[in-house]
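Chains as they are written, first to last, in the working numbering: chain A, 1 to 313; chain B, 1 to 313.
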């Protein structure tokens with residue numbers, strides 16, 4: 001029986017051919033070309049789009065293979081109610097996000113950001129010596145696949161890397177991991193704090209006045225997880241007092257970051273527009289997850305990267 | 001017999017105490033406090049300074065322990081003629097310079113530089129997806145200790161790293177190394193070219209029209225070695241034609257880079273003011289080289305990091 005796969009991602013010719021050759025019973029339809037009368041045949045959606053009609057129009061939908069690691073933009077309740085499986089591309093973000101974290105970090109510690117701003121004014125000379133990562137203590141909130149690759153890489157630079165997860169279970173590549181409660185008591189000794197937690201009800205405004213107050217003076221704070229886990233107003237307060245020495249932010253409570261946000265103007269803030277997961281190799285890497293899961297789907301095996309729709313990740 | 005050590009570096013109290021305790025026959029004098037009448041007693045100079053009187057005033061000088069890896073700013077001929085030993089701090093630059101290279105690289109490949117410039121205008125959004133280092137081919141000119149640490153680190157990111165040195169001898173952490181001639185023929189396949197060669201007569205304007213012409217279209221070129229090894233006008237020409245897709249430059253033929261240099265204005269150039277070797281841990285790391293060499297000096301053993309004054313490195 002033919003299964004219809006609706007793709008919100010533009011596939012390369014070679015990818016279309018690959019699907020045809022390897023999955024002859026799957027019919028691939030692009031979102032732009034699919035007739036409304038065929039909506040009811042769709043069992044698989046690849047990717048997600050604001051142009052996608054409401055899920056009501058897809059009565060046969062069984063599985064959504066997203067292109068992201070986080071899924072807070074999906075109608076999770078509806079998907080749960082209808083028992084539709086959701087899988088992520090978890091596992092393909094580690095390389096580029098690790099490089100983005102390091103790039104943001106080095107832009108500050110190696111005085112590259114200051115050099116870029118001075119270059120605009122044709123000004124030579126940096127007063128500060130900068131620093132390097134040897135012996136720096138880093139605390140990562142989240143110990144999933146991105147966090148693990150980041151931790152492993154930071155250790156190469158001589159960092160001492162600690163992690164925080166719900167249970168406090170030990171995870172490879174971390175010197176030690178703590179649960180949320182223990183983690184808070186370790187904050188004071190950390191030079192660098194990195195958020196990689198998903199955006200869930202549980203993590204909403206997790207980084208607030210209390211948590212920032214308990215950090216080391218002049219701490220470097222990097223948010224690569226989700227904007228909702230940080231109270232923006234509390235963050236701004238602690239940047240202004242220089243409690244936070246440098247904040248590198250890729251995600252925000254409201255995206256795009258509003259034109260009138262105070263964050264744009266603060267001296268020690270680096271803003272990137274939610275790009276840390278992007279890379280020119282992204283769609284190729286995602287496609288390997290899709291095809292791997294397609295094999296499992298056809299064989300009625302358990303898929304990879306299945307989201308717990310109640311937990312939201 | 002008391003040996004006088006003239007220091008051009010301000011020593012910490014604990015470092016002075018350490019020298020007194022461990023080298024009781026060495027008398028440490030700061031350049032600011034040394035009486036002219038005592039110049040003739042100086043046998044060791046630590047560091048170097050523009051305020052230092054001509055070497056004629058130091059008839060007993062036997063050894064200069066510099067604070068740098070390169071020594072092209074020293075009166076090499078005079079030192080050679082008088083048979084004065086020169087040692088460098090080679091070996092203490094690897095961490096910070098590796099981080100600077102990566103920071104400059106990521107500022108481009110992860111779109112951080114563009115984000116910084118857009119942040120100035122409160123603009124959100126980057127069109128380019130960026131890329132990551134997986135499978136990138138990197139060619140490093142120079143295979144010394146800095147290059148080795150850089151190569152080792154780039155391999156962690158999934159790069160294929162090649163090296164170039166005089167003899168073409170194989171060196172750890174490189175997939176393969178070539179001599180200068182072979183290296184030129186491999187240029188075309190390299191995504192990233194990094195110069196770490198010393199500034200000598202042999203390397204003067206080594207990177208010229210011929211070499212740039214033979215690079216891959218859109219190559220990333222990073223100069224962390226010495227400015228004199230690059231023909232600035234040839235570099236500018238190839239940046240303008242976008243043969244060079246991105247140039248990150250820490251060193252220049254003339255430093256500070258003149259206000260009217262065309263380099264300041266070019267779109268795809270990142271200028272840092274010769275800071276890649278700087279770090280707040282620099283003087284501590286240099287001090288360990290000094291004390292290690294002092295032990296050898298007192299015991300009439302061969303010093304570490306001795307410069308061949310004829311080769312200039």
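Even for Gly, the Cβ is constructed at its ideal location relative to N, Cα and C.
These numbers were taken from a predicted model, which means no experiment stands behind them.
- Within the same chain, 8, 64, 66, 67, 68, 73, 74 come within 8 angstroms of residue 48 (chain A) by CB-CB distance, once the 5 residues on both sides are set aside.
- The beta-carbon of residue 104 (chain A) is placed less than 8 angstroms from the nearest beta-carbon of chain B.
- The C-beta of residue 110 (chain B) has 16 or more other C-beta atoms within 10 Å across all chains shown, which makes the residue buried.
- Take residue 147 (chain B), set aside five residues on each side of it, and the residues of its chain with a beta-carbon closer than 7 angstroms to its own are 140, 163, 196, in chain order.
- In summary, residue 36 (chain A) is exposed, with fewer than 16 beta-carbon neighbours lying within 10 Å of its beta-carbon over all protein chains present.
- Shown here for residue 246 (chain B): same chain residues with a beta carbon closer than 6 angstroms to its own, the five before and five after excluded, namely 108, 220, 268 in chain order.
- Under a 10 Å Cβ-count criterion, residue 104 (chain B) is classified as buried, with 16 or more other Cβ atoms of the shown protein chains found around its own Cβ.
- Pairing residue 239 (chain A) with residue 209 (chain A), the inter-Cα distance amounts to about 11 angstroms.
- Counting along the chain, residue 156 (chain B) sits inside the alpha helix (DSSP H) bounded by residues 145-156.
- Counting along the chain, no alpha helix (DSSP H) covers residue 230 (chain B), and no H or E run does either.
- Of the other Cβ atoms in all chains shown, 16 or more fall within 10 Å of the Cβ of residue 99 (chain B); this residue is therefore buried.
- In the DSSP assignment, residue 271 (chain A) is bridged to A:249.
- With the criterion set as a beta carbon lying under 9 angstroms from some beta carbon of chain B, the members of the stretch 156-170 of chain A are 156, 157, 158, in sequence order.
- Using a Cβ-Cβ cut-off of 8 angstroms, residue 293 (chain B) does not count as an interface residue toward chain A, since no Cβ of chain A sits closer than that to its own.
- Listed in chain order, the beta strand (DSSP E) runs fully inside the stretch 75-131 of chain A are 85-87, counting runs of at least 3 residues.
- Contact annotation: residue 134 (chain B) and residue 95 (chain A) have beta-carbon atoms nearer than 8 angstroms.
- Residue 290 (chain A) is not a Cβ neighbour of residue 271 (chain A), given a cutoff of 8 angstroms.
- One Cα belongs to residue 90 (chain A), the other to residue 33 (chain A), and the distance between them is close to 28 angstroms.
- Taking 8 angstroms as the CB threshold, residue 37 (chain A) stays off the interface with chain B.
- Following the DSSP letters along the chain, one finds residue 29 (chain A) inside the beta strand (DSSP E) bounded by residues 26-30.
- Against chain B, the CB of residue 99 (chain A) has a partner CB under 8 angstroms away; the residue lies at that interface.
- Rounded to the nearest whole angstrom, the CA to CA distance from residue 184 (chain A) to residue 132 (chain A) is 25 angstroms.
- Note on geometry: alpha-carbon atoms of residue 21 (chain A) and residue 1 (chain A) lie some 16 angstroms from one another.
- At a cut-off of 8 angstroms between C-beta atoms, residue 137 (chain A) does not count as an interface residue with respect to chain B.
- The C-beta of residue 284 (chain A) has fewer than 16 other C-beta atoms within 10 Å across all chains shown, which makes the residue exposed.
- Against chain B, the CB of residue 220 (chain A) has no partner CB under 8 angstroms away; the residue lies outside that interface.
- A straight line joining the alpha-carbon of residue 52 (chain B) with that of residue 206 (chain B) spans about 32 angstroms.
- For residue 270 (chain B), the nearest beta carbon of chain A is closer than 8 angstroms to its own beta carbon.
- Taking the Cβ atoms as the reference, residue 273 (chain A) lies roughly 6 angstroms from residue 126 (chain B), within the contact range of under 8 angstroms.
- Assigned with DSSP and collapsed to three states, residue 214 (chain B) falls in coil, not helix or strand.
- By the CB criterion at 8 angstroms, residue 223 (chain A) and residue 191 (chain A) fall outside the cutoff.
- For residue 107 (chain B), the closest Cβ of chain A is nearer than 8 angstroms.
- For residue 4 (chain A), the pairing in a beta bridge is given by DSSP as A:27, A:42.
- Approximately 5 angstroms separates the beta-carbon atoms of residue 42 (chain B) and residue 6 (chain B); this is inside 8 angstroms, confirming the contact.
- When the alpha-carbon of residue 265 (chain B) is set against those of A:29, A:38, A:70, A:121, the nearest one is in A:121.
- Residue 178 (chain A) sits in a strand when the DSSP states are folded into three classes.
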